[in-house]
Amino acid sequence: MNSFLLLNIGNTHTQWVVADESGKITGEVKTLLTADWMRSPGLLPAMDDVEAVWASCVVPEARSLLAGSGIYSALHFVDAASAGKTGLDFSLVDTSTLGADRIANAAALLDYPLPAICIDCGTAVTLEVVTGDKCFAGGAILPGRKLMRRSLAAGTAALPELPLSENVPMDLGRNTREALALGIDRGIVGMVREMLEVAREYSPAAIVAAGGDVEFFCHALPELIPGGADFTLRGVGLIAAKHAKKA
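Going by the working numbering, the first residue of the sequence shown is number 1013, and it counts up by one from there.
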């Protein structure tokens, strides 16, 4: 019998997948729009043939909705306390404000040579560092490419919202759209480089990239290792398995 249903609830998308008793993913990762299931919770997968549901959630309203819906009889949310069962040490950071996705990313890094870094390229771009002795050293947060586009379009009278492109601009913009693309896309690559420069003091053995915009960043920064669409979910699965084993 499959043991866990894993959820990764983000600001834009919600991923879900089934994992076995060891936390290893056994099925295909599926995706819903978070706003869609919040309007219709019945869109979430049923708790068939699983012992428990584990969720990483960064949307407080979604967490409250899920917890109060009664859809799942054995529902657990990822936090620093549950992730501590994996051997991760969070003593250096303020866990009261630490996002569940970043906690799950830190757990997923335990499958890589340590020290290791994760760059999660989603609505926000986050950086997480795990040291050689499994200590969560901290990280960084900045707006993702789509959020930057929306912010400029919403905060100005004439600037358009650009569609995402996988290409990194190489030349000065000759019109407003090209100038926006250079400023946002080349600019965010520079921002991530600067974050990595700070994190390199930990001498990382692996720098892993995850999230919906991972292809752009892996193309722009060849040192990044693609973590796969299930990266954060693998961290949730490890936390679920360790917690169940030590309960």
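Beta carbons: idealized from backbone N, C-alpha and C, even for Gly.
A quick note: this is a predicted structure, and the numbers were derived from the prediction, not measured.
For valine 1248 and alanine 1211, I'd like the C-alpha separation in whole angstroms. So the two alpha carbons sit approximately 24 Å from each other.
Inter-residue CB distance, tryptophan 1066 and leucine 1018 (contact presumed, cutoff 8 Å): That belief holds up - the Cβ atoms of tryptophan 1066 and leucine 1018 are roughly 6 Å apart, short of 8 Å.
Contact defined as beta carbons within less than 8 Å: I believe alanine 1112 pairs with phenylalanine 1089. What is the distance between those atoms, to the nearest angstrom? Cβ atoms of alanine 1112 and phenylalanine 1089 come within 8 Å of each other, at about 7 Å.
Looking at the unbroken beta strand (DSSP E) that takes in aspartate 1132, where does it start and where does it end? Taken as a continuous stretch (DSSP letters only), the beta strand (DSSP E) holding aspartate 1132 covers 1128-1133.
Between which residues of its own chain and methionine 1207 is the CB-CB distance below 6 Å, once the five residues before and five after are set aside? Cβ neighbours of methionine 1207 beyond the five flanking positions: Leu1139, Ala1152.
Given this structure, state the Cα-to-Cα distance separating valine 1030 from alanine 1241, to the nearest angstrom. Using only the alpha carbons, I get a separation of about 14 Å.
Please say whether alanine 1217 and isoleucine 972 have beta carbons closer to each other than 8 Å? Since the first residue of the chain shown is 1013 and the last is 1259, residue 972 is not available in this structure.
According to DSSP, residues forming a beta bridge with phenylalanine 1016: Beta-bridge pairing links phenylalanine 1016 to Ala1031, Ala1064.
Which ranges would you report for the beta strand (DSSP E) in the region 1081-1110 if only whole runs of at least 3 residues count? Listed in chain order, they are 1087-1089.
Would you mind giving the Cβ-Cβ distance between alanine 1253 and glutamate 1033, rounded to the nearest angstrom? I have them listed as a contact below 8 Å. Indeed they touch by this definition, with Cβ atoms about 7 Å apart.
Which partner residues does alanine 1136 have in the DSSP bridge list? For alanine 1136, which the question treats as bridged, DSSP gives the partners Pro1155.
Compare the beta carbon distance of threonine 1135 and glycine 1022 with 8 Å and say whether it is the shorter of the two. Cβ distance < 8 Å, so threonine 1135 and glycine 1022 count as in contact.
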